[in-house]
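Using the working numbering, the first residue of the sequence shown is number 54, and each one after it goes up by one. In this text, a Cβ means the ideal position worked out from N, Cα and C, and glycines have one as well. Read the structure below first, then the notes.
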Amino acid sequence: MSERTGAPNQEMNTGCCVVGGGPAGMMLGFLLARAGVDVTVLEKHRDFLRDFRGDTIHPSTLEVMYELGMLDDFLRLPHQRVEKLTGQVGDERLTVADFTHLPTHCRFIALMPQWDFLDFLSSRAERYAGFHLRMQAEVTDLVQDGEQIFGVRGHGPDGMFEIRSPLVVGADGRHSVVRARAGLAVEDLGAPMDVFWMRLSRHPGDASEILGRFDAGRVFVMLNRGDYWQCALAIPKGSAEAIRSQGLDAFRDMVARLVPFGRDRVEELRSWDDVKLLTVTVDRLSQWYRPGLLCIGDAAHAMSPIGGVGINLAVQDAVAAANILAAPLRQGAVTRDHLRAVQQRREFPTRATQRVQVLVQNRILGRVLASTQRPSLPWPLKLVRACPWLQRIPARLVGVGVRPEHVRTPEVRRQTTDDR
Ligand SMILES: Cc1cc2nc3c(=O)[nH]c(=O)nc-3n(C[C@H](O)[C@H](O)[C@H](O)COP(=O)(O)OP(=O)(O)OC[C@H]3O[C@@H](n4cnc5c(N)ncnc54)[C@H](O)[C@@H]3O)c2cc1C
54 MSERTGAPNQ EMNTGCCVVG GGPAGMMLGF LLARAGVDVT VLEKHRDFLR
104 DFRGDTIHPS TLEVMYELGM LDDFLRLPHQ RVEKLTGQVG DERLTVADFT
154 HLPTHCRFIA LMPQWDFLDF LSSRAERYAG FHLRMQAEVT DLVQDGEQIF
204 GVRGHGPDGM FEIRSPLVVG ADGRHSVVRA RAGLAVEDLG APMDVFWMRL
254 SRHPGDASEI LGRFDAGRVF VMLNRGDYWQ CALAIPKGSA EAIRSQGLDA
304 FRDMVARLVP FGRDRVEELR SWDDVKLLTV TVDRLSQWYR PGLLCIGDAA
354 HAMSPIGGVG INLAVQDAVA AANILAAPLR QGAVTRDHLR AVQQRREFPT
404 RATQRVQVLV QNRILGRVLA STQRPSLPWP LKLVRACPWL QRIPARLVGV
454 GVRPEHVRTP EVRRQTTDDR
């Protein structure tokens, strides 16, 4: 690694500099390049292969793929289809959400490793001459003069770089360096839980849907990933050390009590390295932009894992941002009003979704986690049990969300092999 201080040894210009190659950044990079904008996406890791990213592709994201004419190719990638979300509270099991009635082309959630989704977007984006993806490029600072942002500084495999751009987009997730360096004010909504994340093998004959189990002091969710279950154990915030101090055997026992059918598999958790702690944050920026800078996705609003909607919101932000910004970016005339328009478009869906998440996490999950008693069915679920058609409401909220976005950006000519 070269020297990380001093003058940059590479200076570049780009039409739009996107920091972060997650769902928000890659979708925005793809859409802008497709619309004829010269765009550079900077991703600090060497590849997209990382664990602990949401792996859910929701019906509204699949609808975007349909609008882009990429759905059939996308669904050729290995994935599992989930048509229903099932919950177990104490001994009672019921369907909480049924996606099969949604007004979308795909009436299911596709479970797919996020790196496959991001690799797919990157391979499609590379068909456009204006798309540049730089891996192992970590942004550490902004180039700014007074209020105006002019670009970013960082380091990569070839040393320090400085990239100048009329617009920097912070899509660098919930620990965003961009939003911190821009000094944007963050409103913390709090979260009563953290999550232990682990895998257990999946056997023939196991259920196929997403399973959620609520028991005294514990909430356990299992995502069907083909030959294994991706499991999330929600615990009261800050209690991880106390749980670890009781030892791995006690932890395995707890998991076995929560999922009796997985009792024979808990030995697969061989050490604490197999059980990762993820801290949960729910926050949002009061203002998503400054002159020359915009934040989207988790950088603008970190989402709770409840409902697994974070990727979906990140993608929807990217679609809205591309719809509003592609033409002014092509003309080199992005104004504060354009950036404000992106926030105005996406702020209501963000606030509405976070409101529901905070309600569920504080009123339902927080109480279950704080309790030593077996929980009884909360009244909203009693209602769903009495009127099964109500399963369509959570399905709509989770699967499509509030104010779904549609692709309005045109496609410019793709690069041919002769152009390369
Ligand atoms: C425990 C947990 C479980 C979750 N499960 C789900 C789920 O099942 N489904 C779901 O939809 N959502 C889930 N979420 C939320 C989801 O992960 C996020 O909302 C979503 O990934 C946000 O996408 P993004 O592109 O905005 O940010 P991210 O996915 O965080 O991507 C940001 C990217 O920026 C890169 N980056 C960061 N800093 C820099 C830098 N300085 N320079 C260059 N690159 C940088 C990162 O490497 C990363 O690739 C979960 C969240 C948690 C905490």
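The Cβ-Cβ distance between glycine 204 and serine 424 does not fall below 8 angstroms. Distance check between arginine 305 and each of Ala439, Gly291, Glu294, Glu320 places Glu320 closest, using alpha-carbon atoms only. Rounded to whole angstroms, leucine 147 and isoleucine 349 show a C-alpha spacing of 35 angstroms. Glutamate 179 and proline 313 have their C-alpha atoms some 47 angstroms from each other.
Short note on methionine 65: C-beta not closer than 7 angstroms to any heavy atom of ligand 1. Secondary structure of lysine 290 (DSSP, three-state): coil. In this structure, DSSP gives methionine 65 an extended state, which the three-state scheme calls strand.
If you check the CB distance, leucine 366 and methionine 356 come in under 8 angstroms. A residue is called buried when at least 16 other Cβ atoms come within 10 angstroms of its Cβ; phenylalanine 152 meets this threshold and is buried.
Each of Pro289, Asp225, Asp194 was checked against the Cα of arginine 217, and the nearest Cα belongs to Asp194. With contacts defined by Cβ atoms closer than 8 angstroms, isoleucine 202 and proline 61 do not form a contacting pair. In this structure, the C-beta of aspartate 225 approaches ligand 1 to less than 7 angstroms from one of its heavy atoms. For tryptophan 432, the enclosing alpha helix (DSSP H) stretches over residues 432-439.
Within 10 angstroms of the beta-carbon of serine 229 lie 16 or more other beta-carbons, which makes it buried. Cβ-Cβ separation between leucine 378 and valine 395: approximately 7 angstroms, consistent with a contact (criterion under 8 angstroms). Fewer than three pairs of CB atoms, one per stretch, sit closer than 8 angstroms, so the stretch 97-116 makes no contact with the stretch 403-422. In the three-state DSSP reduction, histidine 208 falls in the strand class (E or B). Nearest Cα to alanine 371 within the set Pro358, Val387, Gln384, Arg399: Arg399.
Rounded to the nearest whole angstrom, the C-alpha separation of leucine 95 and alanine 86 is 14 angstroms. With a threshold of 7 angstroms, the Cβ atom of threonine 93 does not count as near ligand 1, since no heavy atom of the ligand is closer than that. Comparing alpha carbon positions, the residue from Thr332, His132, Val92 closest to tyrosine 181 is Val92.
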